[in-house]
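Asks: This is the structure, below, for whatever I ask next.
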């Protein structure tokens, strides 16, 4: 069962990304349940409009609805407890894939933010930078990838649970901020394989 507030948060995120003209990538939307811990994860991926499929530049986003927040929310919903703050974990990864040469990491990190836009009501901070080289075989050139991760948490107060537009307002700046970073990344001197030659 997915709680209404988590479903509403996902919908608010969709609206934010749509308003920023980001396009959802096909077959990337997943709702996962951790059978051992009980946490619920929502995953999706987006790219700038007009990107090739598969996209060379993309953002992968993960929303985590932890089991303790689920318990507090359900207790509040039936009136069994006073309202408490809930948390949703948020992780996003900006990816550049199928590159024919390594990305200029210093230049890329210089153009991407270290933390989220001040317009956001929650803080996401740069948490990881990963570069990799993939060997596809003797007959194929190596491919390079770059991943820049951000993570943080969104604290939901009672107003976000009771006021219809609160979640929409909270999530509204997220899409434009991500779109801005993808645009800046697209301006970097990154060299990609033609789409029909990658993988």
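Residue numbers (the working numbering): 19 to 217.
Built from N, CA and C at the ideal position, the CB exists for glycine as well.
1. So, for residue 58: in the same chain, excluding its five sequence neighbours on each side, which residues have a beta-carbon less than 6 Å away from its beta-carbon?
2. Closer than 6 Å by C-beta to residue 137: which residues in its own chain qualify, once you throw out the five before and the five after it? Chain order, please.
3. Going by DSSP in three states, residue 65 sits in which element: helix, strand or coil?
4. Does the CB of residue 142 have a neighbour CB from chain C at under 8 Å?
5. Just to confirm my understanding: we take residue 78, look at its own chain, exclude 5 residues before and 5 after, and list those with CB closer than 8 Å. What are they?
6. Whole-angstrom Cβ separation of residue 147 and residue 173, contact assumed at under 8 Å?
7. Return the chain-ordered ranges of every beta strand (DSSP E) run that is complete within the stretch 148 to 191 and spans a minimum of 3 residues.
8. Kindly identify the DSSP beta-bridge partner or partners of residue 117.
9. Grab me the residues of residue 24's own chain with a C-beta within less than 6 Å of its C-beta, minus the 5 sequence neighbours each way, in chain order.
10. Where does residue 204 sit, in a helix, a strand or coil, going by DSSP?
11. Could you tell me the alpha carbon to alpha carbon distance between residue 106 and residue 69, rounded to whole angstroms?
12. Going by C-alpha to C-alpha distance, which of 117, 34, 104 and 95 sits closest to residue 72?
13. Please return the same chain residues whose Cβ sits closer than 6 Å to the Cβ of residue 216, not counting the five positions on each side in sequence.
Replies: According to the structure shown:
1. Correct list, in chain order: 51 and 83.
2. 191
3. strand
4. Of the protein chains in this structure there is only one, and it is not chain C.
5. Excluding positions up to five away in sequence, the list reads 46, 61, 62, 63, 110, 111 and 113.
6. The Cβ separation is near 26 Å, so there is no contact.
7. 161 to 174
8. 162 and 210
9. 83
10. helix
11. C-alpha separation (whole angstroms): 30 Å.
12. 117
13. In this predicted model, residue 216 has a pLDDT of only 42, less than 50, meaning its place in the structure is not dependable; the value taken from the coordinates is given anyway. Only 116 meet the Cβ criterion.
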